[in-house]
Structures are given as structure tokens and as C-alpha cells.
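In the working numbering, the protein residues as written are 6 to 314.
Here is the structure we will look at.
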Amino acid sequence: MTAPILNYALLAPILVILGGALIGVLVEAFVGKALRASLQLPIALGSVILSFAFLWRSHNQPSATAAVGSVSMDPAGIFIQGTILVLAFIGILLIADQDNFTAQASAIPGSEEEATSIASGKQQTEVFPLTLFAIAGAMLFPVATDLITLFVALEVLSLPLYLMAGLSRRRRLLSQEAALKYFILGAFSSAIFLFGTAFLYGYTGSLSFNDIAGAVGGNGSSSTFLYIGIIFVSVGLLFKVGAVPFHAWTPDVYQGAPTPITGFMAAVTKVAAFGAALRLFYVALDGASQTWKPIITAIAMLTMVIGSI
6 MTAPILNYAL
16 LAPILVILGG
26 ALIGVLVEAF
36 VGKALRASLQ
46 LPIALGSVIL
56 SFAFLWRSHN
66 QPSATAAVGS
76 VSMDPAGIFI
86 QGTILVLAFI
96 GILLIADQDN
106 FTAQASAIPG
116 SEEEATSIAS
126 GKQQTEVFPL
136 TLFAIAGAML
146 FPVATDLITL
156 FVALEVLSLP
166 LYLMAGLSRR
176 RRLLSQEAAL
186 KYFILGAFSS
196 AIFLFGTAFL
206 YGYTGSLSFN
216 DIAGAVGGNG
226 SSSTFLYIGI
236 IFVSVGLLFK
246 VGAVPFHAWT
256 PDVYQGAPTP
266 ITGFMAAVTK
276 VAAFGAALRL
286 FYVALDGASQ
296 TWKPIITAIA
306 MLTMVIGSI
């Protein structure tokens, strides 16, 4: 039995971000509160810069797969990852202004504990490793080549954002309401995505995009499972994009979340979700393009009109 080939060199940009996030968690656990802020920002920025350096080193190399074929590093994926890192660097600089974040997230809004935390100058520095985890998920999202990896990337991206949306300093109740709404709706969209994954697996017998593409093009059986799977998987991705009719969460969440987190969600998550959608539709489901292209076109038009009102 041969050992699986992971190809760590291709995974290095993502692994660097995850390593920075883990170091940030250790800082939160073992470093005093007075020093955390001065350490977390350099760790976060350094992780993004180092990740971009590894990514730049591989941008002229031929397309290749890593993690036993679960990740595909090609020019399109590298470009999207680079865009995510640039936007993430700007986002971390904005997050560094701790005045936007509550002094103590666990304190009840308006309580004496919260007032004491503000008076003592406490800072919620956990936001930095949470941001790095979200960046790692965003980088994995557009290069995933099977539905399980795509789902893992979706959750690694989403779970930190649910927490960060509730950390606003000045709109505490509104911020916590936004975080709760985002979590509940995000959980539903993830469940729907998994439901669609089950239908696609039932139709094709595989979770790999390449195998799904072959089955979609040559499977002579009933297409009911295929169409249901496409619809449900699309819902999970369109929720992340904020496309009509799955955009109702965006006004409440964007208004309630801290301003830097709103900017991060509006930029990084959408770039990652668009990249994942492009790979899913044009690699795995290209054989069914006559089915999904009119629907996606209509959703795009409605999103540009209704979603911007």
C-alpha cells in the first residue's frame, strides 16, 4: 500500500495561513493580555505576506494537484488565491483598529462587566486568529476539486465569520442579533449544500469534480437526482455570494457586524465563493450547462437589480 501524495509545496500558501492561525491561538492561551495585541497583528500580517510569497513562487509552474487530488493549483485558482490574500491584507489592517470591536465579547451588553472591560482598555484580540482561519478557508474554497473538500472549505471560512459578526463595540445587541441570524441561515445553507452533495453522489457515484463531469456527460439514467443536486448545491454557494433570492441576510449582518468585518465579508468571501462556483459549474457540471446557465443568468440579472436596492 503506497502512501498518499500530499504535495506540501503546493499546499504551502494555505498551510502558512493555518500555521499563523494556530500560533495566534497559542498566543491567546499563553501570553498576557498586555502583549497580545502587539503580537497578533505582526503574526497575521506576516502569515499573509509569507503565504503570498509561496503563492508567487508557484504562479509560473504548470497546473498540478495536491492532497490526493482534492486540490488543484492552476492559474485560475492561483489568481483567485492571490486576490484573496491582497484583500485579506487590507482587511487585517482595518481590523487592527480595535476601536471597532467590543472589549469583552462574553459580557452582557450594557452590563457592569462590559463597562469595566472598556474602562480597563481590554481588547478582543481573538479576532486575528479567527480572521486567519477564515482566510485559509477562503483560499481552499476556489481550488477544491471534490465536494467534501469544498464543504470543509466552506465551513472553515464560515464559522469564524459567525463569531466575528457579533463583536461590534457600539451596536452590541444589533451585532449579536446579526451573528445569530448569520449562524442560523448559514447552518441551513450548509445543510442544503450537503443535501445536494448527497443527490449528486447518488447520480454520479463519486464526489470528485472530474468523475462528476464524466458521469453528467455519459450517464443515461434519469436526471432527476442531477437536477435536484445542482439546485441544492447552488443554493449553498449562492448564499455565500449573497445572490437573489438568498440575499436577505446581508443587510442585517452587514449593518450589525463591525465595519472591518463587513468589508472582509463583502470582499473576501464573495471572491472565494465566485471562484468555487466557477470551478464547480465549469468543471463538474459543464455537461449540464444547458440546465444551469439560464438559471444562473437570471439570478445574476436579478441580483444586479434587486440585490443592490
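Even glycine gets a Cβ: it sits at the ideal position worked out from N, Cα and C.
The model shown is predicted, which means the values in this text are computed figures rather than measured ones.
Contacts around residue i, its chain only, beta-carbon distance under 6 Å, and the 5 residues preceding and following it disregarded
i, result
"ILE5", "The requested residue 5 is not part of the displayed model; the chain covers only 6 to 314."
"LEU16", "ALA71"
"ALA272", "LEU92"
"PRO2", "Nothing in the structure corresponds to residue 2, since the chain is present only between 6 and 314."
"ILE48", "GLY25, ILE28 and GLY29"
"SER213", "ASP151"
"ALA183", "ALA170, ASP257, VAL258, GLY261 and ALA262"
Own chain partners of residue i with C-beta closer than 7 Å, once the 5 adjacent residues on each side are dropped
i, result
"THR88", "VAL276"
"LEU162", "ALA139, GLY142, ALA143, PHE146, THR274 and ALA277"
"GLY268", "GLY96 and LEU99"
"ILE206", "In the sequence as presented, Ile is not what sits at residue 206; that position holds Tyr. Within the same chain, TYR206 has close Cβ partners LEU212."
"PHE78", "The residue you asked about is not Phe; residue 78 is Met in the sequence shown. These residues qualify, in order along the chain: LEU15, SER63, SER68, ALA69, ALA71 and VAL148."
Buried versus exposed call for residue i [16 or more other C-beta atoms within 10 Å across all chains shown]
i, result
"GLY210", "exposed"
"ASN65", "exposed"
"GLN103", "buried"
"ALA143", "buried"
"GLN181", "buried"
"GLY247", "buried"
"PHE35", "exposed"
"TYR208", "buried"
"PRO173", "The amino acid at residue 173 is misidentified as Pro; the sequence shows Ser. With 16 or more other Cβ atoms within 10 Å, it is buried."
"TYR287", "exposed"
"LEU40", "exposed"
"THR154", "buried"
"PRO192", "The displayed chain sequence assigns Ala, not Pro, to residue 192. The residue in question, ALA192, is exposed, as its Cβ has fewer than 16 Cβ neighbours within 10 Å."
Residue from the options with nearest C-alpha to residue i
i, options, result
"TRP61", "ALA184, PHE188, GLU160 and PRO18", "PRO18"
"ILE233", "PRO256, ASN215 and TRP297", "TRP297"
"LEU99", "THR229, ALA278, VAL288 and PHE133", "PHE133"
"VAL240", "LEU212, TYR287 and THR202", "THR202"
"LEU50", "GLY261, PHE230, PHE94 and LEU145", "PHE94"
"ILE97", "LEU46, SER77 and LEU242", "LEU46"
"ALA58", "GLY37, LEU31, LEU44 and LEU90", "LEU90"
"PRO80", "ARG284, VAL157 and GLY171", "ARG284"
"SER194", "THR154, HIS252 and LEU290", "HIS252"
"PHE156", "LEU231, ALA170, ALA282 and MET270", "ALA282"
"ARG175", "ALA262, SER294 and PHE237", "ALA262"
"ILE54", "ALA196, LEU20 and LYS38", "LEU20"
"ILE10", "PRO67, MET270 and SER75", "SER75"
"THR255", "VAL148, LEU168 and LEU190", "LEU190"
"LYS38", "PRO67, GLN129, ILE153 and ASN215", "GLN129"
"SER294", "MET309, ASP216 and LEU231", "LEU231"
Contact belief for residue i with residue j at Cβ below 8 Å, rounded distance in angstroms
i, j, result
"SER63", "ILE85", "With 8 Å as the limit, SER63 and ILE85 do not qualify as a contact, their Cβ atoms being about 14 Å apart."
"LEU159", "PHE198", "7 Å"
"LEU242", "ILE304", "Contact flag wrong, Cβ pair sits at about 11 Å."
"VAL249", "ILE301", "The Cβ separation is near 12 Å, so there is no contact."
"LEU135", "PRO165", "4 Å"
"PHE237", "PHE279", "Contact flag wrong, Cβ pair sits at about 19 Å."
"ILE235", "LEU307", "With 8 Å as the limit, ILE235 and LEU307 do not qualify as a contact, their Cβ atoms being about 18 Å apart."
Own chain residues within Cβ distance below 8 Å of residue i, not counting five before or after
i, result
"ASN12", "ALA69, THR70, ALA71 and ALA72"
"ASP44", "The displayed chain sequence assigns Leu, not Asp, to residue 44. Around LEU44: VAL32 and VAL36."
message = Quick check for students: name the residue ranges of the alpha helix (DSSP H) that lie wholly in the stretch 217 to 300, counting only runs of 4 or more.
response = 229 to 246, 254 to 261, 264 to 269 and 275 to 284
Minimum length 3: unbroken beta strand (DSSP E) runs contained in the stretch 55 to 113 = 69 to 71 and 76 to 78
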